[in-house]
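Here my numbering runs 171 ahead of the position in the sequence shown, where the first position is 1.
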Amino acid sequence: MKKTTLMDKYPVFSLKIAKDETTFTTVSEIIIYLKDKIDNHPIATYITLFNHYEHTANLADSEINPDIKDAQNLIFCFGKKIPDTKILAVRPRSFGVSELEDSFEIDFLEVPNKQLHEVMEEWAKSVANK
């Protein structure tokens, strides 16, 4: 798991998984697997799936890195408390799952709650199941 700062402000965690390190062969299979983790978590709630690749490819003048073969966002929420209005700015959560030629990449923003951040890291790392 690698932490970077995207655009000098967004703390993003990324995990690159070589295709020979996992039994999953498509982004959709990984999404189904992670959705099951969400569905079986005591407070997580699945919201939707956004096919980011398809959306972008269908826009006029769109640009997609040619190394990216598929890119989808699995959107869900861990929200157990609403202590103030600002917490809504960091919710819901999203796993970005992308397919490259020889690997998959899972990316997500840092979670303000350390325990729930560790859950997301654990789920992402479990995709490397070989």
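Every residue gets a Cβ at the ideal spot worked out from N, C-alpha and C, and that includes glycine.
Bear in mind that the values here come from a model prediction, so they are computed numbers and not experimental data.
Starting from residue i, follow its DSSP beta bridges and name the residues at the other end.
i	result
Phe279	Phe184
Lys173	Ser185
Phe266	Leu245
When DSSP labels each residue in this structure, what does residue i get in the three-state scheme?
i	result
Ala299	coil
Ala260	helix
Asp255	coil
Leu271	coil
Ile218	strand
Met178	coil
The beta strand (DSSP E) that contains residue i, what's its start and end?
i	result
Ala231	No beta strand (DSSP E) holds Ala231; DSSP gives it neither H nor E.
Ile246	Asp241 to Cys248
Does the Cβ-Cβ distance between residue i and residue j come in under 9 Å?
i	j	result
Thr227	Ala242	yes
Glu292	Phe184	yes
Thr193	Val298	yes
Ser265	Ile239	no
Leu245	Leu280	no
Pro247	Leu287	For the record, residue 247 in the displayed sequence is Phe; it is not Pro. Result no, Cβ atoms of Phe247 and Leu287 do not sit closer than 9 Å.
Would you mind sorting residue i into buried or exposed? The rule is 16 or more other CB atoms within 10 Å of its CB.
i	result
Ile214	exposed
Ile253	exposed
Asp191	exposed
Ser233	exposed
Ala295	buried
Val290	buried
Ile203	exposed
Leu259	exposed
Val282	buried
Ala205	First, the residue type needs correcting, since residue 205 is Leu and not Ala in the sequence shown. Per the 10 Å Cβ criterion, buried.
Between which two residues does the alpha helix (DSSP H) containing residue i stretch?
i	result
Lys190	It is not in any alpha helix (DSSP H) - Lys190 carries neither H nor E in the DSSP assignment.
Asp210	Val198 to Asp210
Between residue i and chain D, is any beta-carbon pair separated by less than 9 Å?
i	result
Lys285	Absence of chain D from the displayed structure is noted, only one protein chain being present.
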